[in-house]
Amino acid sequence: MLISVSGIVGSGKTTVANRLLDLLRAAGRDATCLRFQTLPCFTFLRSPLRTNQPARDRAAERADDVPVMRSSGYRKKTLTLIVTLTYIARFVTFRIYRLSWRSERTYVLNRYFYDLFVHYRLEGRAERFYFAALRALMPVTDVALLLVASPETIAQRRANYSREYLSALGDAYVRLRESFPELIEIRTDPGAGVESLDRIVSDYLGVHTTSTARTS
């Protein structure tokens with residue numbers, strides 16, 4: 003079984019992924035948590051958009067999975083043919099890599115392909131066609147979680163990002179469910195999210211919990 007955890011920087015992906023892992027293991031499930039972007043199957047196949055980044059920026063992105071500073075607003079990129087083909091190649095690579103995974107184990111993925119699509123605009127006919135192709139070919143997880151939090155919460159957790167950038171990117175994540183209705187939204191503001199997470203674990207995985215942990 004595959005469970006993906008997606009969301010804007012500061013939404014609590016690592017916290018929620020680790021919480022899921024604890025719940026599953028406490029229930030006697032064989033489970034593991036993996037960082038999606040650093041899976042071995044992707045080490046030789048990177049997005050062409052990364053090749054022109056300065057080495058310092060790429061190192062910082064690997065450290066936190068996102069650019070370390072945004073101050074000039076959020077601008078979506080163009081979904082081109084070469085980008086589309088690159089992602090299709092990654093889909094195929096991931097499907098092949100998954101064949102080596104144990105069928106009885108539950109894999110919790112910190113980030114997933116869903117997180118890619120918030121960065122692209124779909125204004126032209128060609129872009130919409132490319133997106134439709136990617137949507138049809140993308141491997142789908144058994145449970146797909148989308149973490150959201152208020153702009154104030156995200157800003158507190160990521161003070162080194164501009165409010166403008168976080169607000170625009172956050173809106174893009176919220177709209178992601180319009181294209182991917184299978185995403186299950188979980189709020190991770192302080193004091194929220196625990197009941198929703200436990201309910202999802204119970205409803206979708208058959209694991210009953212009595213947790214009091216927080217997803218901060």
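Each number in the numbering used here corresponds to the 1-based position in the sequence shown with 2 added.
Every residue gets a Cβ at the ideal spot worked out from N, C-alpha and C, and that includes glycine.
Go through its chain and collect everything with a Cβ distance to Thr108's Cβ below 6 Å, but skip five positions before and after it.
-> The residue you call residue 108 lines up with position 106 of the sequence shown. The residues are Met3, Leu26, Arg31 and Ala33.
Among Ile186, Tyr132, Val94 and Ser105, which has the Cα closest to the Cα of Leu148?
-> Here residue 148 corresponds to residue number 146 of the sequence shown, with the count starting at 1. Ranking Ile186, Tyr132, Val94 and Ser105 by Cα distance to Leu148 puts Ile186 first.
Nearest-angstrom beta carbon gap, Ile156 and Ile10 [assumed within contact, 8 Å] = On the sequence shown, residue 10 is found 8 positions in, with the first residue counted as 1. On the sequence shown, residue 156 is found 154 positions in, with the first residue counted as 1. 6 Å between Cβ atoms; contact.
Per DSSP, which residues does Asn112 bridge with? Please list them.
-> Indexing the sequence shown from 1 puts residue 112 at position 110. DSSP, once it has assigned bridges, lists Val7 and Arg37 as partnering Asn112.
Go ahead and pull the three-state DSSP assignment for Val94.
-> In the sequence shown, the residue the question calls residue 94 occupies position 92. Of the three classes helix, strand and coil, the one that applies to Val94 here is helix, per DSSP.
Determine the extent of the beta strand (DSSP E) in which Val176 is found, giving its start and end residues.
-> Against the sequence shown, residue 176 aligns to sequence position 174. First-last for Val176: Arg165 to Ser181, but that is the alpha helix (DSSP H), not the beta strand (DSSP E).
Can you name the start and end residues of the alpha helix (DSSP H) that Val18 belongs to?
-> As a first step, residue 18 must be located in the sequence shown, where it is residue number 16. Here the alpha helix (DSSP H) through Val18 covers Lys15 to Ala28.
Pick helix, strand or coil for Ala161, following the three-state DSSP scheme.
-> In the sequence shown, counting from the first residue as 1, residue 161 sits at position 159. Reduced to three states, the DSSP call for Ala161 is coil.
Please determine, among Thr88, Arg113, Leu136 and Tyr114, the residue with the shortest C-alpha to C-alpha distance to Leu219.
-> Past the edges of the chain, shown from 3 to 218, lies residue 219, and the structure says nothing about it.
Apart from the five residues just before and just after Thr16, which ones in its own chain have a Cβ nearer than 8 Å to its Cβ?
-> Working through the sequence shown from its first residue, we reach residue 16 at position 14. Contacts found: Asn112.
Please name the residue in Cys43, Lys78 and Ala146 whose C-alpha comes closest to that of Glu129.
-> On the sequence shown, residue 129 is found 127 positions in, with the first residue counted as 1. For the residues Cys43, Lys78 and Ala146, the minimum Cα distance to Glu129 belongs to Lys78.
Residue closest to Pro42, alpha-carbon to alpha-carbon, out of Glu106, Asp200, Ser102 and Ala134 | Along the sequence shown, read from residue 1 onward, the residue named residue 42 stands at position 40. Out of Glu106, Asp200, Ser102 and Ala134, Ser102 has the C-alpha closest to the C-alpha of Pro42.
Grouping DSSP H, G and I as helix and E and B as strand, with all else coil, what is Arg189?
-> Taking the sequence shown and counting its residues from 1, one reaches residue 189 at position 187. Here Arg189 sits in strand by DSSP.
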